[in-house]
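Novice:
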Amino acid sequence: MNPIEELLTRGVEEVIDKAHLESLLKSKKKLRIKLGIDPTSPNIHIGRAVALWKLRAFQELGHQVIFIVGDFTGLIGDTADKDSERPMLSEVEIKTNLRTYFKQAFKILDPKKTETHYNSKWLKKLGFLEIGKMANLFGLHEFESRENIAKRMKAGKRVSLRELLYPIMQGYDSVAIKADVELGGTDQRFNFLAGRTIQPAYGQQGQDIITLQLMEGTDGRKMSSSWGNVINITDEPNDMFGKVMSITDELIKKYFVLATRVDITEIDEIMKLPNPRDQKIILAEKLTGLYHGDKKAAGAKEAFISQFSKGELPEDIEIKFLPSGFIPTVSVTTSFLVGISKSEAKRLMDQGGLKIDSKVVKEDKIIEDIEKEHLLQAGKRRFFKFKRK
RNA sequence: GGGCAGGUGGUAGAGCGGUCAAUUACACCUGACUGUAAAUCAGGCGCCUUUCGGCUACAUAGGUUCGAAUCCUAUCCUGCCCA
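Numbered by our numbering, the letters in the first sequence go through residues 643 to 1031 in order.
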C-alpha cells in the first residue's frame, strides 16, 4: 500500500473531502495539519495516540504538524466526548498538564516538524462582533441534532450555552493557523466541520478533515481514564503487555490497525494464526515495543509467559516490612500488604484466592516466624514478600 | 418570576414507611475450566466483628414515627413547562 493511501485509510473513519485532500497530498505542497490538544487530562493513552501516529505519518511525508493547545477552550470545556459537562480548569492545572502531555507526545512526534500554539492568544482578542459574525454561520438545530447533545437533552440533562460556543472557537483556531487538514476522533467531527464552515468567511479554503476510529478500552467499552480501562503509553512494559493480553479477542485486529505500526498485509497474516492467544502475544509485543523498545518488550513477553502460562512467580516481587508490634494475622497482614480492607482480605481467603508461601490459606491465624521472609499471593496478579523489620 | 419533576453504591438505574447494606445490568475481585489475564460457568463485591451482631451510607440540615432511602419542612443542585 502506498503511503498516501495508507494515510487516508488506516484507522480512518471518514475523509472530507477525500478527492480534494488526495490531490493536495500529491501536489507536494507542504500542508499544515492541525491537532487540538485538550489539556484536561495529561496522560496519553493508546487511544489518544492514534491521532498522534497519524500525524507522524504526515510528518514522514514532509508536512507540518500544528498543535493547538486549548488553554482557552479548556477553560470553557468541550462536550464532544463526554456525556456530561466538563469542569472548568484553572490556568495552573492546564500548565502542569501540558508539560506532561508534551513529554509523552514527543515520544511519537518529531518536535522539529511540530509547531505549538496556545489558542488563548487569538481567542482572547475576539469581541462580540466577531463572535456574532461566526455564530451567524450556524443554526441552533445543527447543535441540537448533534448526537451527544441530543442524547443529553433527551435524557433531561443540562446543556449550557457555553458549550455551543466551543465549536466556534475551535473553528476559529483553524482560521488563525490556516489549517489545511484537521484530524482527530470521530467524536470531534462536528467541531472539525465548524472550521470548514468558518474558514471561508475569512477568505480561506475550508480545511479537509480526517476522522479516526475510536478505540475500545481493555474491557470493550469506550477507552476512558475514568473507566480505568486504558493503556497509557507510559505504562511499564510488563503492565502494558498484560493489559493488551486482557483485551477481548474481538478487539485484536482493531488494536493492530489503530495502535501499532505493523504493516497491514502483515496484520492480515497474523490474523490467520489459529490461536487468538498467539495473535494477542504478537500484538502485545509489538505495542510494548513501540513505546519501550523491542528488548523490553521481549522481556515483558517472557515474564508474562512464565507467570501466567506456566504459573511461575514473577521475578521482582516487592518486599514490604511489617512494623514492629504488628500482629501478623493473615487478614491483617494481607490488608496491610495489598492495601485492601480487612473484610476484603477475608473474602479473598474464603474464596481460596490467598496463598502464603504457595499454600492456600483459608482460615485466619497468626503467621509464624515472621522474622523470616514469606511470600503472599493475593489472586493471580498480586505478589508480595514480607518479613518483620 | 410562576408551575411541575427529580437528586440512591465505581457507572447506569430499581426501590417510595418495617422483611433495605438496598433488585438488576455493566465494571471490578476470586475460583473452575481453557489454547489466552479472551470466552464460558460459579461465587463475591460498604466498614468492623470468630459468631451473634455493631457502625456508617440513599444531596445537606432538621422534623414526624416504635421504625425513614422511602413521609414533612428548609437549604443546595438539576431538568422540564409557562412568563
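From the three backbone atoms N, C-alpha and C, an ideal C-beta is built for every residue, glycine too. All figures in this text were calculated on a predicted structure; none of them were measured in a lab.
When you compare only the Cα positions, how much space is there between N685 and Q746?
Specialist: Here residue 685 refers to the residue found at position 43 of the first sequence. Here residue 746 refers to the residue found at position 104 of the first sequence. Using only the alpha carbons, I get a separation of about 8 Å.
Novice: Of all the alpha helix (DSSP H) runs that stay within the bounds of the region 884–923, which reach a length of 4 or more residues?
Specialist: The region 884–923 contains these whole alpha helix (DSSP H) runs: 894–901, 906–912.
Novice: Return the chain-ordered ranges of every alpha helix (DSSP H) run that is complete within the region 810–892 and spans a minimum of 4 residues.
Specialist: Entirely contained in the region 810–892, the alpha helix (DSSP H) runs reaching 4 residues are, in chain order, 831–840, 879–887.
Novice: With contact counted as at least three CB pairs below 8 Å, one residue from each stretch, are the region 836–845 and the region 869–880 in contact?
Specialist: With a cut-off of 8 Å, the region 869–880 and the region 836–845 do not count as touching, because too few Cβ pairs lie within range.
Novice: Going by C-alpha to C-alpha distance, which of V817, N833, L825, K820 sits closest to N805?
Specialist: By one-based count along the first sequence, residue 805 stands at place 163. The sequence given here places Glu at residue 805; Asn does not occur at that position. Comparing Cα-Cα distances from E805 to each of V817, N833, L825, K820, the minimum goes to N833.
Novice: Please state if the CB of G884 and the CB of F946 are separated by a distance shorter than 8 Å.
Specialist: Position 304 of the first sequence, counting from 1, holds the residue named residue 946. Position 242 of the first sequence, counting from 1, holds the residue named residue 884. A contact, by the Cβ cut-off of 8 Å.
Novice: Let me know the secondary structure DSSP gives H662 once reduced to three states.
Specialist: Looking up residue 662 in the first sequence gives position 20. If DSSP states are grouped into helix, strand and coil, H662 belongs with the helices.
Novice: Anyone know if the C-beta pair for G827 and T860 falls short of 8 Å?
Specialist: Position 185 of the first sequence, counting from 1, holds the residue named residue 827. Position 218 of the first sequence, counting from 1, holds the residue named residue 860. Not closer than 8 Å, so no.
Novice: Find out if the Cβ-Cβ distance for the pair G837, S816 is shorter than 8 Å.
Specialist: In the first sequence, counting from the first residue as 1, residue 837 sits at position 195. In the first sequence, counting from the first residue as 1, residue 816 sits at position 174. Cβ distance < 8 Å, so G837 and S816 count as in contact.
Novice: Please return the same chain residues whose Cβ sits closer than 7 Å to the Cβ of G995, not counting the five positions on each side in sequence.
Specialist: Taking the first residue of the first sequence as 1, we reach residue 995 at position 353. Correct list, in chain order: A1020, G1021.
Novice: Do F714 and L677 count as a contact pair if the criterion is CB distance below 8 Å?
Specialist: The sequence position of residue 677 within the first sequence is 35, counting from 1. The sequence position of residue 714 within the first sequence is 72, counting from 1. No, the pair does not count as a contact, with Cβ atoms beyond the cut-off.
Novice: Less than 8 Å separating the beta-carbons of F1025 and L964?
Specialist: Sequence index remark: in the first sequence, residue 1025 carries index 383 (1-based). Sequence index remark: in the first sequence, residue 964 carries index 322 (1-based). In this structure, L964 does not lie closer than 8 Å to F1025 by Cβ.
Novice: V980 to D881, Cα distance in whole Å?
Specialist: As a working mapping, residue 980 is identified with position 338 in the first sequence. As a working mapping, residue 881 is identified with position 239 in the first sequence. Going from the Cα of V980 to the Cα of D881 covers about 17 Å.
Novice: Taking only runs that begin and end inside the region 746–813, name each unbroken alpha helix (DSSP H) of 4 or more residues, in chain order.
Specialist: Correct list: 762–765, 770–777, 782–786, 789–796.
Novice: Helix or strand or just coil, what does DSSP make of R674?
Specialist: Position 32 of the first sequence, counted from the start, is the residue given in the question as residue 674. Note: R674 maps to strand in three-state DSSP.
Novice: Look up L667 in the DSSP assignment and say whether it is helix, strand or coil.
Specialist: The residue given as residue 667 occupies position 25 in the first sequence. Correct three-state label for L667: helix.
Novice: Measure from the alpha carbon of N644 to the alpha carbon of each residue in A926, H662, K668, V657, then state which is nearest.
Specialist: Position 2 of the first sequence, counted from the start, is the residue given in the question as residue 644. Answer by Cα proximity: K668.
Novice: Does the separation of the CB atoms of A691 and I875 fall below 8 Å?
Specialist: The residue you call residue 691 lines up with position 49 of the first sequence. The residue you call residue 875 lines up with position 233 of the first sequence. Yes, the Cβ-Cβ distance between A691 and I875 is below 8 Å.
Novice: Look up V707 in the DSSP assignment and say whether it is helix, strand or coil.
Specialist: As a working note, residue 707 is residue 65 in the first sequence. Reduced to three states, the DSSP call for V707 is strand.
Novice: Measuring CB to CB, does I969 end up less than 8 Å from F1028?
Specialist: In the first sequence, counting from the first residue as 1, residue 969 sits at position 327. In the first sequence, counting from the first residue as 1, residue 1028 sits at position 386. Not a contact, by the Cβ cut-off of 8 Å.
Novice: Just tell me which of T971, N790, K793 has its CA closest to the CA of E1010.
Specialist: As a first step, residue 1010 must be located in the first sequence, where it is residue number 368. When only C-alpha atoms are compared, the closest one is T971.
Novice: Who are the near neighbours of W764 in its chain, counting only those whose CB is closer than 6 Å to its CB and skipping five residues on each side?
Specialist: Residue 764 sits at position 122 when you count from the first residue of the first sequence. If we look at W764 and ignore the five residues flanking it on each side, its Cβ neighbours are A818.
Novice: By the 10 Å Cβ neighbour count, where 16 or more other Cβ atoms means buried, how is L1018 classified, buried or exposed?
Specialist: The count along the first sequence starts at 1 and reaches residue 1018 at position 376. Buried, since its Cβ has 16 or more Cβ neighbours within 10 Å.
Novice: Near K849, which residues of its chain fall below 8 Å by C-beta distance, leaving aside the five closest residues on each side in sequence?
Specialist: Position 207 of the first sequence, counted from the start, is the residue given in the question as residue 849. Lys is not the amino acid found at residue 849; the sequence shown has Gln there. Closer than 8 Å at Cβ, skipping near neighbours: K676, S816, A821, D822, V823, E824, F834, G837, R838, Q841.
Novice: If we ignore side chains and look at the alpha-carbon of each, how far apart do I773 and D891 end up?
Specialist: Translated into positions along the first sequence, residue 773 becomes position 131. Translated into positions along the first sequence, residue 891 becomes position 249. Each residue's Cα considered, the two are about 48 Å apart.
Novice: Quick test of the definition: if touching needs 3 or more C-beta pairs under 8 Å, does the region 997–1014 touch the region 920–935?
Specialist: Taking 8 Å as the limit for Cβ pairs, the verdict is that the region 920–935 does not touch the region 997–1014.
Novice: When DSSP builds the beta bridges, which residues end up paired with A1020?
Specialist: Here residue 1020 refers to the residue found at position 378 of the first sequence. Answer by DSSP bridge pairing, in chain order: L996, R1024.
Novice: Measuring only the C-alpha atoms, how far is L663 from I959?
Specialist: Position 21 of the first sequence, counting from 1, holds the residue named residue 663. Position 317 of the first sequence, counting from 1, holds the residue named residue 959. Distance between the alpha carbons of L663 and I959: 53 Å.
Novice: Using only the alpha-carbon positions, how far apart do R863 and K1014 sit?
Specialist: On the first sequence, position 221 is the one that residue 863 refers to. On the first sequence, position 372 is the one that residue 1014 refers to. Using only the alpha carbons, I get a separation of about 45 Å.
Novice: Cα-Cα, which of P681, H705, G689, F950 is closest to K670?
Specialist: Start at 1 with the first residue of the first sequence, and residue 670 comes out as number 28. When only C-alpha atoms are compared, the closest one is H705.
Novice: So which of S973, L990, E986 has the shortest CA-CA distance to K1007?
Specialist: By 1-based counting over the first sequence, the position of residue 1007 is 365. The shortest C-alpha separation from K1007 is found at S973.
Novice: Compute every distance between the C-beta of K766 and the non-hydrogen atoms of the ligand SAH, then say whether any falls below 7 Å.
Specialist: This structure simply doesn't include the ligand SAH, nor any ligand for that matter.
Novice: With burial defined as no fewer than 16 other Cβ atoms inside 10 Å of the residue's Cβ, what is the status of T721: buried or exposed?
Specialist: Here the question's residue 721 lines up with position 79 in the first sequence. For T721, the predicted structure reports a pLDDT of 46, less than 50, and the residue's modelled location is therefore unreliable. The matter cannot be settled from this model.
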